[in-house]
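Report on the following structure.
In the numbering used here, the protein residues as written are 3 to 227.
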């Protein structure tokens with residue numbers, strides 16, 4: 003029996019994912035802290051995520067698939083005999099998409115859209131963070147040891163985004179529930195693939211989420227210059 007349109011779509015998605023599998027060894031990514039300093043009465047930090055965009059991730063970006071890095075930055079005050087206290091925390095994200103027509107990178111962060119044509123510059127803007135404000139210095143104990151913890155999560159396409167693509171290909175309007183019965187009758191396209199299988203293949207293809215964490219050295223806010 004000939005495969006239905008949705009079954010062909012499933013095969014097309016899996017072939018697309020598998021084609022993104024280069025035979026390379028992934029470098030170990032890491033987060034490094036460059037500086038802690040006061041600025042305009044605030045404690046700011048510079049840090050960078052290294053080796054997060056390997057060959058697979060760059061190939062994914064160059065196929066036009068958006069990639070986002072979400073940063074969670076927290077300032078802790080170390081305490082003896084008890085849990086360290088979170089003094090401040092901030093979360094922000096930066097995303098990149100390669101415009102295959104204009105052959106340039108579109109970077110979105112801090113409510114701005116930037117365009118760059120150089121790959122190294124794209125990686126610098128996406129992975130190097132400078133002057134991230136954490137907390138007013140007046141609210142910190144200058145003689146107590148503090149440290150900064152960073153969690154960086156890199157993510158590309160996911161099942162929700164593929165569902166949106168499936169709906170678009172089926173001519174569905176966002177928020178319109180009409181035609182849901184037909185979807186049940188014809189199958190759910192790529193979503194017929196078990197989620198665990200999709201996650202496994204997506205991870206191999208460079209599309210899965212990855213997370214890195216790091217802590218800085220201890221420092222005294224009152225001793226910063």
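Here a beta-carbon is modelled for each residue, glycine too, at the ideal position from N, C-alpha and C.
Buried or exposed: which applies to residue i, given that a residue is buried once 16 or more other Cβ atoms fall within 10 Å of its Cβ?
i           : result
residue 58  : buried
residue 154 : buried
residue 131 : buried
residue 225 : exposed
residue 94  : exposed
residue 103 : exposed
residue 119 : exposed
residue 213 : exposed
residue 38  : buried
residue 117 : exposed
Tell me whether residue i sits in a helix, a strand or coil according to DSSP, three-state version.
i           : result
residue 123 : helix
residue 128 : helix
residue 85  : coil
residue 139 : helix
residue 219 : coil
residue 60  : helix
residue 30  : coil
residue 144 : coil
residue 90  : strand
residue 2   : Since the first residue of the chain shown is 3 and the last is 227, residue 2 is not available in this structure.
residue 43  : coil
residue 196 : Unreliable positioning characterises residue 196 in this predicted model, as indicated by a pLDDT of 49, which lies under 50. A coordinate reading is not provided.
residue 157 : strand
Quickly, what does DSSP pair residue i with across the bridge? List them, please.
i           : result
residue 103 : DSSP lists no partner for residue 103.
residue 226 : Paired residues: none, contrary to the question.
residue 68  : Answer by DSSP bridge pairing: none, since residue 68 is not bridged.
residue 115 : 110
residue 151 : 76 and 217
residue 51  : 33
Report the CB separation of residue i from residue j in whole angstroms; it is logged as a contact under 8 Å.
i           : j           : result
residue 35  : residue 218 : 4 Å
residue 148 : residue 221 : 6 Å
residue 134 : residue 75  : 6 Å
residue 216 : residue 129 : At roughly 13 Å, the Cβ-Cβ gap does not stay under 8 Å, so residue 216 and residue 129 are not in contact.
Any contact between the region 68 to 80 and the region 92 to 112? By contact I mean 3 or more CB pairs, one from each, below 8 Å. yes
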